[in-house]
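First residue of the sequence shown? That's 315 in the numbering used here, and the numbers climb one at a time after it.
Glycine included, each C-beta is placed from N, C-alpha and C at the ideal position.
The structure presented is a predicted model; accordingly, all values stated were derived computationally and were not measured.
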Amino acid sequence: MLPERPRLMIVDDDPVTCELLCEVFTGEGFAAQFVQSGEAALTSLADESPDVLVSDIRMNTRVDGLALLDQVRQDYPQIPVVLMTAFGSVETAVRAVKQGAFDYISKPFDIDALVATVRRALAARSIVQPQALADHEEQLALGLVGRTPSMLEVYKMIARVSDSPAAVLITGDSGTGKELVARAIHVHGKNPTAPFVAINCGALTETLLESELFGHVRGSFTGAIANKPGIFEQAREGTVFLDEVSEMSTGLQVKLLRVLQEREVVPVGGSAPIAVHARVIAASNRDPEILMASDSFRHDLLYRLNVINIHLPPLRERRDDIALLVAHFLRKHTPANRTPPLLDDAASACLNRYAWPGNVRELENAIELSLIHI
């Protein structure tokens, strides 16, 4: 639930801008305050944490907007940061967004656009509040659990990209929950009731994968007794999720690239193109840098898929989430007529020591198996 009067901190070395924005956001129902340097912002943050921070990038102070962003991301990862920038430094602002800023807006800015951006940031924060984890889980209803900084960043990215049509590449080891993130993006997007169609590109033969992706017409090959729509057609205006896309053959990569470029698909054996309206989210257990260095994956396709990257950390790098995950899986898999059991200290210590090479999936399987033997 959002706070009744969300707290906003404005950081700008121009007092006129500060006073103007304070007046605007106070009128919009915010409890707005301003400081005129990055140093003053850090001092104020130590005493009272705002719900959203808005900062100019270039300030004639020792701590400018980028340095402030770095410190906030390190010490206060739950606070979304919106950057303001002059036209000449848009490239810097885009780079800052990749480093963790929620968004940026150019000066001279449109007041309505700035207010809308701050409200989006506030909504994103409501998803990642650690103390509201249960509400967050209920909202996603997809099993995403965690409150370590790396997972808060994942939730923040989900909120940021959900309304965007841009392609997303989700990376992370097997079992980290890449499909859960894709589903969360879909559920929080513009067409949550539209189909979400997932396919594992590494689990099918090339011929079968081609038919599943693009569809086929009757008689196009032996056994094709009827027209079959591919997943892009099935998804309509929803989401296509391409799991383990890096396992796709070079030939199919070329065809997928054409679909992304032309926004149309031609079924196997057909000639008439079909318009594609679905959003594309892909996933791989290999990082973009590794794919770039590989001769087996087309760079032009990677550029199309990796417009936005969301990385899921392995479970061994977020051990503080293990207790939360265990509690979640105990509730999930305990029969409705029973009370979920509690782990003793020895069992908890054992779970925390283990490396979990299979990540969250392995942990869930272990909890489910243990409940069978209780």
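Could you check what DSSP says for Pro506 in three-state terms: helix, strand or coil? Start at 1 with the first residue of the sequence shown, and residue 506 comes out as number 192. Pro506: coil per DSSP, three-state reduction.
Is there contact between the segment 622-640 and the segment 607-614, where contact requires at least three CB pairs shorter than 8 Å? Because the criterion of three Cβ pairs below 8 Å is not met, the segment 622-640 and the segment 607-614 do not touch.
Around the Cβ of Gln388, are there at least 16 other Cβ atoms within 10 angstroms (buried) or fewer (exposed)? Against the sequence shown, residue 388 aligns to sequence position 74. So Gln388 ends up on the exposed side.
Beta strand (DSSP E) segment containing Met277, residue limits: Residue 277 is absent from the structure shown; the chain starts at 315 and stops at 688.
Taking just the CA atoms, how far does Thr431 sit from Gln445? On the sequence shown, residue 445 is found 131 positions in, with the first residue counted as 1. On the sequence shown, residue 431 is found 117 positions in, with the first residue counted as 1. With a pLDDT of 39 at Gln445, under the threshold of 50, the modelled position of that residue is not reliable, and the figure given next carries that caveat. Their backbone Cα atoms lie some 24 Å apart in a straight line.
Cα-Cα separation, Phe348 to Thr553: Numbered from 1 along the sequence shown, position 34 holds the residue referred to as residue 348. Numbered from 1 along the sequence shown, position 239 holds the residue referred to as residue 553. Rounded to whole angstroms, Phe348 to Thr553 spans 41 Å at the Cα level.
CB-CB under 8 Å to Asn514, same chain, minus the five flanking residues each way: which ones, in chain order? Here residue 514 refers to the residue found at position 200 of the sequence shown. The residues are Asp557 and Glu558.
Neighbourhood of Gly516 by C-beta, 6 Å cutoff - its chain only, sequence neighbours within 5 removed: To locate residue 516, count along the sequence shown from 1; it is residue 202. Closer than 6 Å at Cβ, skipping near neighbours: Glu558 and Glu561.
Determine the burial state of Gln413: buried for a count of at least 16 other Cβ atoms within 10 Å of its Cβ, exposed for fewer. Along the sequence shown, one-based indexing puts residue 413 at 99. Counting Cβ neighbours within 10 Å, Gln413 comes out exposed, since fewer than 16 surround it.
Against chain E, does Gly544 count as a neighbour if the rule is that its beta carbon must be under 7 Å from one of theirs? Structure shown: chain E not included; a single protein chain is present.
DSSP-derived helix/strand/coil call for Arg593: Mapped onto the sequence shown, residue 593 falls at position 279. Correct three-state label for Arg593: strand.
Per-residue DSSP class, three states only, for Ile393: As a position in the sequence shown, residue 393 is number 79, starting the count at 1. The three-state secondary structure of Ile393, taken from DSSP, is coil.
Would you tell me roughly how many angstroms separate the C-alpha atoms of Pro506 and Pro329, rounded to the nearest one? In the sequence shown, residue 506 corresponds to position 192, counting from 1. In the sequence shown, residue 329 corresponds to position 15, counting from 1. Using only the alpha carbons, I get a separation of about 43 Å.
Could you spell out where the beta strand (DSSP E) holding Ile419 opens and where it closes? Here residue 419 refers to the residue found at position 105 of the sequence shown. That run of the beta strand (DSSP E) goes Asp417 to Lys421.
Can you give, in chain order, each stretch of the alpha helix (DSSP H) that sits fully within the segment 529-610 and has at least 4 residues? 545-549, 564-576 and 602-607
Start and end residues, alpha helix (DSSP H) containing Ala359: Position 45 of the sequence shown, counting from 1, holds the residue named residue 359. Per the sequence presented here, residue 359 reads as Leu, with Ala not at that position. Counting along the chain, the alpha helix (DSSP H) containing Leu359 begins and ends at Gly352 to Asp361.
Kindly indicate which three-state DSSP category Leu677 falls into: helix, strand or coil? One-based indexing of the sequence shown puts residue 677 at position 363. Here Leu677 sits in helix by DSSP.
Just curious, the beta strand (DSSP E) that Asp370 is in, first and last residue? Looking up residue 370 in the sequence shown gives position 56. Start and end: Val366 to Asp370.
Backbone CA spacing between Glu333 and Asp326 [nearest angstrom]: Residue 333 sits at position 19 when you count from the first residue of the sequence shown. Residue 326 sits at position 12 when you count from the first residue of the sequence shown. Taking the straight line joining both Cα atoms gives about 10 Å.
Validate contact between the segment 531-549 and the segment 493-501 using beta carbons, cut 8 Å, 3 pairs: no
The segment 371-390 touching the segment 340-355, judged by at least three CB pairs closer than 8 Å: Result yes; three or more Cβ-Cβ pairs closer than 8 Å.
Please determine, among Leu322, Glu526 and Glu551, the residue with the shortest C-alpha to C-alpha distance to Leu359. Against the sequence shown, residue 359 aligns to sequence position 45. The candidate whose alpha carbon is nearest that of Leu359 is Leu322.
Quick one: residues in its chain with C-beta nearer than 7 Å to the C-beta of Val468, no 5 flanking neighbours on either side, listed in chain order? Your numbering for residue 468 matches position 154 in the sequence shown. Within the same chain, Val468 has close Cβ partners Val495, Ile624 and Leu626.
Let me know if Leu656 comes out buried or exposed under the rule of 16 or more other beta-carbons within 10 Å of its beta-carbon. Translated into the one-based positions of the sequence shown, residue 656 becomes position 342. Exposed.
With distance defined between alpha-carbon atoms, name the residue in Phe643, Arg572, Asp659 and Ser534 nearest to Thr653. Counting from 1 along the sequence shown, the entry for residue 653 is found at position 339. Ranking the options by Cα distance to Thr653, first place goes to Phe643.
Own chain partners of Leu436 with C-beta closer than 8 Å, once the 5 adjacent residues on each side are dropped: Translated into the one-based positions of the sequence shown, residue 436 becomes position 122. The answer, listed in chain order, is Leu316, Pro320, Asp365, Val366 and Pro394.
Which whole-angstrom value is the C-beta distance of Gly489 and Arg632, which I expect to be below 8 Å? Numbered from its first residue, the sequence shown carries residue 489 at position 175. Numbered from its first residue, the sequence shown carries residue 632 at position 318. Contact doesn't hold; Cβ gap of about 13 Å is too wide.
Mind the definition here: the segment 478-488 touches the segment 589-607 only if three or more C-beta pairs lie below 8 Å; say whether that holds. Yes, since at least three Cβ pairs between the segment 478-488 and the segment 589-607 fall closer than 8 Å, the two stretches touch.
Please state whether DSSP places Gln413 in a helix, a strand or coil. Looking up residue 413 in the sequence shown gives position 99. Of the three classes helix, strand and coil, the one that applies to Gln413 here is coil, per DSSP.
Below 7 Å CB to CB, which residues in the same chain sit around Val475 once its five sequence neighbours on both sides are set aside? As a first step, residue 475 is located in the sequence shown; it is residue number 161 there, counting from the start. Counting only Cβ-Cβ distances below 7 Å, and skipping sequence neighbours, we find Val482, Ile499 and Ile622.
Apply the 10 Å Cβ neighbour rule to His687 and answer buried if 16 or more other Cβ atoms are within range, or exposed otherwise. What you label residue 687 is simply residue 373 of the sequence shown in a count that begins at 1. Under this definition His687 is an exposed residue.
I'd like the ranges of any alpha helix (DSSP H) spanning at least 4 consecutive residues and lying wholly in the segment 480-526. 492-501
N- and C-terminal bounds of the alpha helix (DSSP H) containing Arg645: Along the sequence shown, read from residue 1 onward, the residue named residue 645 stands at position 331. First-last of the alpha helix (DSSP H) with Arg645: Ile636 to His647.
Report all residues from its chain with a CB closer than 6 Å to the CB of Gln443; omit the five preceding and five following residues, and keep chain order. Sequence index remark: in the sequence shown, residue 443 carries index 129 (1-based). The pLDDT assigned to Gln443 is 49, lower than 50, so where the model puts this residue is not dependable; a value taken from the coordinates is nonetheless given after this. Closer than 6 Å at the Cβ level, and outside the excluded window around Gln443, lies no residue.
Residues bridged to Asn666 by DSSP? Locating residue 666 in the sequence shown gives position 352, where the first residue counts as 1. DSSP lists no partner for Asn666.
Buried versus exposed call for Arg707 [16 or more other C-beta atoms within 10 Å across all chains shown]: The question about residue 707 has no answer, for the chain in this structure spans 315 to 688.
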